[in-house]
Each structure stands twice: as C-alpha cells, then as structure tokens.
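The next block holds one structure in the form of structure tokens; read it before the comments.
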Amino acid sequence: MKKLKVLGALTLIVVMLTACSNRESKNNEEKDNTINIVTSFYGMKALTEEIGGDKISIESVIPEGSEPHDFDIKAKDMKAIEEADIFIYNGAGMESWIEDVEAAISGKELIVVEASKGVELINADEEDEEDGEHEGHNHSGKDPHTWLGLSEAKIQGENIKNALVEKDAKNKEYYEENLKKFNEKIDSIIKEYNPKFKELTNKNFVTGHATFGYLCRDFGLIQKSIEGVFAEGEPSPKELQNLMEYCKGNNIKTIFVEELISTQLSDTLAKEVGAQTKQIYTLHSNEDGKSFSDVLKYNVETIYSAMNNK
C-alpha cells in the first residue's frame, strides 16, 4: 500500500511537470511567433497596437513626451530598428533622421512602412499663410501631422495592416478584422460630427501649435495657432497682437493646448481675450490608457464642445 502511494505521488509529479513543460513550450512558441515592431514615436505605436493586437511586441525609438522634430537618433536606436521585423515611421517630413535609417538598413530583411504613404499632404507654407504667416519663418515642405486627421489615420492603418499581413500571412484575417473595427470607430466619429460641425457658423479655433490641419480638412474648420506647423518658437509681438484681435473678432472662448508645448503664451492669450485653456492631444505619449482612436475621438469631441459653446 505504501509503495502504491509513493508510486501515485511520483506519477502525479510527473504529470504536473509535463503540464508545466508543455505550457512553457507553448508560451515560448507564442513568443517566437510574435512580430517584433519598432516605431518612430508613440503615435505610430498606438496606431499599430490597434491593428496588431496581441500578435506583436512593440517599442518606439523616440521616448514618450519627447519632441519628434528635434530628436537625434542614437546608435542604440539604430540597433533596435535593425533587429526588428517591421519598422514603422510616419513620414511626410516628421522624422528628419529617416534618411540615416534608410541608409543603415539598406539590404536588410526588414519591412519598412512609411505610414503616411498615400495621404494627400497639406503644404506647410500654405498652412502658415492661412494661419497668419509667422514672421521670419520660411518653410518649404508638407505638414507632417497626418496621423491626427481621421481620414488620414484610416490610410495609415491600412498601410500598417498590409505590412503585418506581409510578415504574418497566417494571421491575415485577424489583422483585417482589427483594421475593420478601427475604421468603424473612425467612421462613427465622422458620421456623428460632420453634420454637427457643418451647423456651426463660426468654424475658427485656436491652438498652441498648428498640428490639426488634417482634422480641419476633415471637417471644414479653420485653425489659428500661436506656433506654426514646425513649432518654430514664440510669435513676435505683432503676431501676438494680431492673434488677440483674431480671438476677439471671432469670439474665441477656448485656447487649445497640446502636451509638448509650453502653455505660458496660451495662458497669457486666454487671459487677454477672456478665454479658457483646454487640453487636446497629439499622441506623443500615452494619455490615461486611451487607445489611438479614443484620443482622436476625444480631440474631436473637445474641439466641437468648445466651438459650440461660444
């Protein structure tokens, strides 16, 4: 009887060890099958997460909360990109260092995605002219903030999905379903707010940094900003005076501020014209666990609410 008990205990131990080994083997296999993705900055990371779901591991080169326009890529960043399965960047001039990356990864087995490919880009110089032409700023090129537009985000999501399918064809349906859900969320925002914005007689709003040109194009809005498309620095006294007159003339009651821009001038402007400041986001960092589509919806809701309460 005692031998039987010992034998039974040993059998149970063997079964448990086998089960643990099988689970560990399965976990390792799942980890091996995970796609390793590196993105340029958080906005691209958040968008890719909505499409890639649990089939990917992902990190960004630019730390959250850092200004992409001023980022200098380092050797460790280049190494992380070279070791990835997929590298995703926004493009449209957002990442000034991308040519260095392209030269370094030339010939390597790495899928490179320019997420903004296919987006009809807005001329940055034209946008500055519409915005009052920031003195002393001579821009050439395009507005790179494509991911903050709704129609544009759908194009970028499609580009990312295509890369995921290229790398991991067996999970094609999974990625396509995630993209479908993402597009449905974006379409619902457009469907809800397009008629609401059309009903507004005053379509003007003011931001700290001219990052919402594509969102304006989506809804027929007019953006005025303290700093231009490339966040060049503080406006001149004349520009600031013109902005005050603009706010008063257009009954602006809210000055929108973004997470990477100092609020000092926005606070001053708001005080001078009797307005409040309100936070909206440019997806350079994780905001309270919100997904990419959640942030786009929050921005649209917040802008509309302020414009509708003038």
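Just so we're aligned: the sequence shown equals residues -21 to -1, 1 to 289 in mature numbering (1 follows the signal peptide of the UniProt record, and there is no 0).
Ideal placement from N, C-alpha and C gives every residue a C-beta, glycine not left out.
Segment limits, beta strand (DSSP E) that includes residue i
i    : result
N65  : Checking the sequence, you will find Ile at residue 65 rather than Asn. First-last of the beta strand (DSSP E) with I65: 65 to 68.
T13  : Careful: T13 lies outside any beta strand (DSSP E) and carries neither H nor E.
S36  : 35 to 39
V279 : It is not in any beta strand (DSSP E) - V279 instead sits in the alpha helix (DSSP H) that spans 271 to 287.
6 Å CB neighbourhood of residue i in its chain, flanking five on each side removed
i    : result
N162 : K133
G97  : I134
T261 : T190, E237
E93  : G70
Residue from the options whose Cα sits closest to the Cα of residue i
i    : options               : result
I165 : S75, D147, L127       : L127
E28  : T242, D51, G268, V208 : G268
M223 : A254, V92, K140, S45  : A254
E43  : F271, H263, L275      : H263
I282 : Q220, F184, I240      : F184
D197 : K232, S215, K177      : K177
I77  : V91, K217, D64        : V91
N265 : I41, Y68, K140        : I41
Contact set for residue i: own chain, Cβ-Cβ below 8 Å, skip 5 residues either direction
i    : result
S39  : V17, T18, S19, F20, Y21, M23, K24
L248 : V185, I205, L219, L222, M223, C226, I234, A254
Alpha-carbon to alpha-carbon, residue j and residue i
i    : j    : result
N181 : K149 : 50 Å
L158 : N230 : 40 Å
N288 : Y172 : 15 Å
F142 : E251 : For clarity, residue 142 is Ala in the given sequence; the question names Phe instead. Answer to the nearest angstrom: the Cα atoms are 49 Å apart.
E46  : L239 : 7 Å
A285 : E62  : 45 Å
I201 : K257 : 17 Å
Residue range of the alpha helix (DSSP H) that includes residue i
i   : result
E43 : Unbroken run through E43: none, as it is neither H nor E.
E93 : No alpha helix (DSSP H) holds E93; the beta strand (DSSP E) holding it covers 90 to 93.
V80 : 77 to 84
D56 : 54 to 61
Own chain, CB closer than 7 Å to residue i, minus 5 neighbours either side, in chain order
i    : result
I139 : L26, T27, I30, I67, V92, A94
Scan the stretch 125 to 210 and note each continuous alpha helix (DSSP H) run of 4 residues or more that stays entirely inside, going in chain order. 129 to 146, 151 to 178, 192 to 198
Just list the beta strand (DSSP E) runs in the stretch 205 to 266, keeping only unbroken ones of 3 residues or longer that don't cross its boundaries, in chain order. 233 to 236, 255 to 258
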